[in-house]
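Student: Residue numbers (the working numbering), protein chains in the order written: chain X, 879 to 1662; chain Z, 879 to 1662.
Pasting a structure below so you can have a look.
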């Protein structure tokens, strides 16, 4: 099972070791057993690159070294037990890249290594407001030699190729010789390698004054990366000026600073790092570009660069912050999620996307799943300008050719597209037949994302520009993937896996069938819209796609009218798939907690034939299309399916929070919310050491804004229907909506909405339309 | 897909390079491109061990070295892409064992190696009548040195641990120094190793006079094997007496004979090999036992041992030969199959079973599949005494405890048993969830084998002795695996894979549901029978199994009465599974031959959602229970399903041949038969280099005897209804049946049946009962 979002709902032991604070994540003592978890949690990123919170200095204890560059991947040869026709040759993995943080600190010849030393007054702080990771500690060797270290680092949000470290060492009660060796290390490996191969090969190294460069190339995929440093040392106090020595071999460079430092004096090391790649430049100019970048920031100096970083994050927070008044824990949780989402994807490059672990671990290879369209897009739609959200759509548009090739491999023709389940470059990477070949609802999410983008931004020109081409290819897929059943006299879709991956190879998954028919209908509508409003584009797209073919239109219309949508009228529900009610019906609450999560206790066949649901399936459809179903239909289905749902995907609770809030099940909503918002911070799942659940974080954002905040776009209208948990005094958030930038503040009594520039706006609150006056916030009392 | 019987039905190119002969398989020239195929085809075995037809002398060309010992396996750590809960830790593989054939022949210092030399007058002959492999050739080095080699070898059918080689070398037109080095080589590897591990470790080596011993141990599983040789040399002519030199290292031993041999003189090397294992002896006595075995045969001498071998095979053929008069090609084909079946399993050891490739290759690890019960048992029932067939049942009886454990791993309780899909020692080895966990119909075949054994032998005491325990455990499994559907008000079986592996995870596979209900009913009958006839055994079994539990009986009865058996009355067929008729209906004949076999051209999902059938599924059930369905029901289902069947399993055609014969579709039957009887000899599938399809060979036997011969046991009566293909003048075969040994000779006009000792018997021919007179054959004219 591709449980890439495994989630233990029933969790006895949380690994709660961090201090709660509204803006900071703080670890206030050092325990090697939490180090790998902290390495994930304190990860930094800036969209272009990111790294786990590995220590700069040597560390001989358990650690997952991870430094990643967006879009730089290695095609790791597929490894399976039993090959199935159609499997991809490789899994493209974003890989552990040359390390630019590494240092070796020797004090009187003894290596600084917290795993072997006595550590005091340790703190590690993620300053989410400023985009900074800070660490302070004292460490003593057995002979009593003690030093104090203060280090901070950041990845520039403004200068995507730049990072900076300030590392200060102060001897305590002794005056040792300190040798600080600042390294760029090209000799790196992935823990996750199917055949224990090394993914990088060294190209060249170079040292020039304060700068040093390592150029490396990924094997097979041939990306070249120049990882470079500019280093500087300063002594605070009277100690001798350090001697510098540089070194290089074929894959590493270093600059070492040696000095006897008096007790109480401080040696400060500044390191600017640049990471430039052949994705942006020709291979010839990589060293030159790295040098330019480093020279720019060296001129600015560390403090100015840091101030620039604060400003960047200040701006990010103005647009994306959520305030939860009255609940520090929830406040920290949601900010932690928003912080990581902003670190992972900035929208500056439409060739990039969002991996389930972002830059926080190797797992899932940094690849893109349908999470992007179904769970991440709403966050970026609301918190960034439309170009950034649009780039998530453009990513798929750029892969359309590959998606058509992918469909051809599976026997589809005439421009039908099947987007990959997992991809970096547009090619399918996954290799479980029941997922790779059958979890085709991902195609529906890609169509839905286009619809969702336009409904939110109003930018219907996107259809003409790019969207329609994608929609036609998706519709062609659905049309070919649908079979007319003589027995049913309906169109059926056989052999699929729905969002609930605890069912495989089922027939007529309601969600998939609904999405398929909806996609066809939306494509037909879009054709009309583009024809009417953008006739030139219409002609171009018709030319390009060879559309419309008369027989295609007829078939599409016939499918839209005659799609089989399984339901049970007696129980009053849509059927997750044909035969679902033949299963033994049980509720999750009847399960022995000792066998939760099921995916760790039951064999796969038993999970498959049980009625238990991993994540929203029918309910995912009702969430997507909530304005197409009456409340009672949603209620009957929620009442039936939620109790059968074990939420063993981290993407499950959010959709349920949103529907529960809508249905007035506030307690249920809050109970589910609690389990997602601090999933990583409290490590409910005992797996944060592998990396954070980045895409789930976007689900949490949805749960707050679309659930408790009650935001919904329906009939081109913005709806806001806040339903706050009792413990929350006030909830506020900001959203972009069709050129407006609205700030919403809700408490249990009233809701206040203001537009950033004072533009007038209309909004539906609690099912009633309200219009603001220019320059004035809108205030609406909420009926209790 | 576990297409362990992949079979290309539409085959353009056959690799036909062998001479047709009634008793011999002959390769009359040497072509390295066929060598690996010949290595498979000319394999020898004696139930205890076997080997591919590797050359004794060095060979630097492509070759699959293979020497196997029944029951000696290595647990090779599982390798999968995505782990599923419940997967086994390892796949037990019968492994390439220390080589006892190896020789190095040097002629004036030049190595004999047919891959690099000029080869003339090469013949390789499998003498199936005598159980002998013979090879003759002349080979020349570039300098003109030419030798003639005649070699023959056999594995003793009477002395399971003994094999013999006679290797004669005659220099032609030169008198070179010949150095023949006879080796036991413990340094062997498997090509198929999941993690490139070596499976053997050396224990000790020993040389004593003419004998030499290598003791090796399998890693992890800890089997010890002593592989030993006794060697002798003789010169025919005046050449000098050879000098002998022995050598050993930690895993090999050798005896080399050096002599200058005059042109035309012959140096003859005799090698007796013994292979004794810790499966039969304590590890301390292995060398001693090997020495005893070798001393016995050394005393006899090569020629006496060979005569003994001829006698053994003479006896085998008396019981199992099939004569097809008028068709040499078919005659050779069926004898080749019978020969391999007799080589693979002799029934001397109930711990052994039949792997899909027997001793002819590494593939499928020598493990046991449901092939044994469904396809192999009938051959051994008819051609051997009942003890030998019974041992195939006892094999499963011995694994009952493990089958109960296996079921427990999947969540079953209270003594329910699920036999493994693939096993050597009773533990599951396979790791595809849709097969391992879901192809549970294998449990039905194991119950059916008990029924089939008793119906054929009349030995109903087997139920009391062992069968009932197995049946109760199987019934408990079915009872727990069955779900009561509130919607259908019937018992359903969800999430299975039927014999047609081109459908996975389906609901209510008719074959599985039918077998499940039948097993419950047969178990109930068997309980009554044992209670009545063997009350002491009944009490013992009740005590042992904790049966009967009242609630269990009630549920069993309810399932028997209310099992859901999907059918479509309009079309008049049983439904392979629910929803089968929702598929797009096409016939195999409409498929473009270029995309056959589908499993090499279509992605797995496409195969799954197509209507095409890999092998008999509903029809497998109608074959098993042919006396429970009227001819018209069988005909409607055959007419519907066979045209949708692509026969991409080598086990598919045989069942169809039998049903087609019964239905009078003789042309269809013969067309299908042709594609199986010489599957390996003509290498229809381009894969015989990997090994022969041993279990399919038993299917071919069934096709002849139960299809064209029309043998069927029904209501305790033997039926014979021959339907001969036009080209066959006469068909004769011998069968054991309830203490009778009947020889049947059928032509297009009449059938003659004689009992070996002249006992009187009754038989139904063409639906009419006939009774023989004592001492007289029965002659019945057939209505044309």
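Virtual Cβ for every residue (Gly too), placed ideally from N, Cα, C.
Kindly list, in the order they appear in chain X, the residues whose Cβ is closer than 9 Å to that of residue 958 of chain Z.
Tutor: Chain X residues near residue 958 of chain Z: 957, 958, 959 and 960.
Student: Using a beta-carbon distance below 8 Å, is residue 1478 of chain X in contact with chain Z?
Tutor: With 8 Å as the cut-off, residue 1478 of chain X counts as an interface residue toward chain Z.
Student: Consider the Cβ of residue 886 of chain Z: report whether some Cβ of chain X lies at a distance smaller than 8 Å.
Tutor: Low per-residue confidence applies at residue 886 of chain Z: pLDDT is 42, beneath 50, and the placement is therefore not dependable enough to give any value.
Student: Among all the DSSP beta bridges, which residues are the ones paired with residue 984 of chain Z?
Tutor: Paired residues: Z:989 and Z:1057.
Student: Any contact of the segment 1134-1141 of chain X with the segment 1080-1100 of chain X, i.e. 3+ C-beta pairs under 8 Å?
Tutor: No: the two stretches stay apart, fewer than three of their Cβ pairs being nearer than 8 Å.
Student: Can you have a look at residue 1156 of chain X and say buried or exposed, based on whether 16 or more other CB atoms are within 10 angstroms of its CB?
Tutor: Classification of residue 1156 of chain X: buried, given that the 10 Å Cβ count is 16 or more.
Student: Tell me which residues of the segment 1448-1476 of chain X have at least one Cβ-Cβ distance to chain Z shorter than 8 Å, keeping chain order.
Tutor: Hits within the stretch, in order: 1456, 1457, 1459, 1460, 1461, 1462 and 1463.
Student: Residue 1482 of chain X CB to nearest chain Z CB: under 8 Å?
Tutor: Yes - at least one Cβ of chain Z is within 8 Å of the one on residue 1482 of chain X.
Student: Determine, for residue 1309 of chain Z, whether the minimum Cβ-Cβ distance to residues of chain X falls below 8 Å.
Tutor: With 8 Å as the cut-off, residue 1309 of chain Z counts as an interface residue toward chain X.
Student: Distance cutoff 8 Å, beta carbons only. Does residue 1487 of chain Z sit that close to anything in chain X?
Tutor: With 8 Å as the cut-off, residue 1487 of chain Z counts as an interface residue toward chain X.
Student: Determine, using beta carbons only, whether residue 1068 of chain X comes closer than 8 Å to chain Z.
Tutor: For residue 1068 of chain X, the answer is no, since every Cβ of chain Z falls outside 8 Å of its Cβ.
Student: Keeping to the same chain, check which residues put their C-beta closer than 7 Å to that of residue 1050 of chain Z; ignore five residues upstream and five downstream.
Tutor: Answer for residue 1050 of chain Z: 1016, 1024, 1025, 1026 and 1141, listed in chain order.
Student: May I ask which residues mark the beginning and end of the alpha helix (DSSP H) holding residue 1190 of chain Z?
Tutor: 1180-1198 is the extent of the alpha helix (DSSP H) around residue 1190 of chain Z.
Student: Let me check understanding here. Comparing Cα to Cα, which of X:988, X:1006 and X:1018 lies closest to residue 999 of chain X?
Tutor: Checking every option, the nearest Cα to that of residue 999 of chain X belongs to X:1018.
Student: Which of the three DSSP states, helix, strand or coil, is assigned to residue 1494 of chain X?
Tutor: Residue state, collapsed to three classes: coil.
Student: Which two residues bound the contiguous beta strand (DSSP E) that contains residue 1367 of chain X?
Tutor: From DSSP, residue 1367 of chain X is part of no beta strand (DSSP E); its letter is neither H nor E.
Student: Taking only three categories from DSSP, how would you classify residue 1483 of chain Z?
Tutor: Residue 1483 of chain Z falls in the helix class under three-state DSSP.
Student: Could you check where the beta strand (DSSP E) with residue 1033 of chain Z kicks off and where it finishes?
Tutor: 1024-1033 is the extent of the beta strand (DSSP E) around residue 1033 of chain Z.
Student: What residues from chain Z crowd round residue 1315 of chain X, counting only those whose CB sits closer than 9 Å?
Tutor: Chain Z residues near residue 1315 of chain X: 1481, 1482, 1483, 1484 and 1486.
Student: Give the residues from the segment 1372-1405 of chain Z that approach chain X closer than 7 Å (Cβ to any Cβ), ordered along the chain.
Tutor: Residues passing the 7 Å Cβ filter: 1372, 1373, 1382, 1383 and 1385.
Student: What does residue 1366 of chain Z touch in chain X if you count any residue whose Cβ is under 8 Å from its own?
Tutor: Within chain X, the residues near residue 1366 of chain Z are 1460.
Student: If we call anything under 8 Å between Cβ atoms a contact, is residue 1209 of chain Z one with residue 1559 of chain Z?
Tutor: Not closer than 8 Å, so no.
Student: Report, in whole angstroms, the separation of the C-beta atoms of residue 1569 of chain Z and residue 1238 of chain Z, which I expect to be a contact under 8 Å.
Tutor: Indeed they touch by this definition, with Cβ atoms about 4 Å apart.
Student: In terms of alpha-carbon separation, which member of X:975, X:990 and X:1078 lies closest to residue 939 of chain X?
Tutor: Answer by Cα proximity: X:990.
Student: Are the beta-carbon atoms of residue 1352 of chain X and residue 1404 of chain X separated by less than 8 Å?
Tutor: No.
Student: What are the boundary residues of the alpha helix (DSSP H) that includes residue 1322 of chain X?
Tutor: Taken as a continuous stretch (DSSP letters only), the alpha helix (DSSP H) holding residue 1322 of chain X covers 1319-1335.
Student: Would you kindly work out how many angstroms separate the C-alpha atoms of residue 1455 of chain Z and residue 1384 of chain Z, rounded to a whole number?
Tutor: Their Cα atoms are separated by approximately 7 Å.
Student: Helix, strand or coil for residue 1152 of chain Z? Go by DSSP, reduced to three states.
Tutor: If DSSP states are grouped into helix, strand and coil, residue 1152 of chain Z belongs with the strands.
Student: CB-CB under 7 Å to residue 1180 of chain Z, same chain, minus the five flanking residues each way: which ones, in chain order?
Tutor: Excluding sequence neighbours, residue 1180 of chain Z sits near 1042, 1044 and 1148.
Student: Jot down the residue ranges of each uninterrupted alpha helix (DSSP H) in the segment 1272-1323 of chain Z, minimum 4 residues, whole runs only, in chain order.
Tutor: With a minimum length of 4 residues, the continuous alpha helix (DSSP H) runs that stay inside the segment 1272-1323 of chain Z are 1278-1287 and 1311-1314.
Student: Reducing DSSP to helix, strand and coil, say where residue 948 of chain X ends up.
Tutor: Coil at residue 948 of chain X, not helix or strand.
Student: Taking 7 Å as the cut-off, does the CB of residue 1402 of chain Z come closer than this to any heavy atom belonging to the ligand SAM?
Tutor: Judged by which ligands are present, the structure shown has none, so any question about the ligand SAM falls away.
Student: Tell me where the beta strand (DSSP E) around residue 1429 of chain X begins and ends.
Tutor: Careful: residue 1429 of chain X lies outside any beta strand (DSSP E), inside the alpha helix (DSSP H) at 1428-1440.
Student: Taking 8 Å as the CB-CB limit, is residue 1241 of chain X close to chain Z?
Tutor: No, because no Cβ of chain Z sits closer than 8 Å to the Cβ of residue 1241 of chain X.
Student: In terms of alpha-carbon separation, which member of Z:1125, Z:1145 and Z:936 lies closest to residue 1116 of chain Z?
Tutor: Measuring from the Cα of residue 1116 of chain Z, the nearest candidate turns out to be Z:1145.
Student: Could you tell me the alpha carbon to alpha carbon distance between residue 1152 of chain X and residue 1035 of chain X, rounded to whole angstroms?
Tutor: Whole-angstrom Cα-Cα distance: 13 Å.
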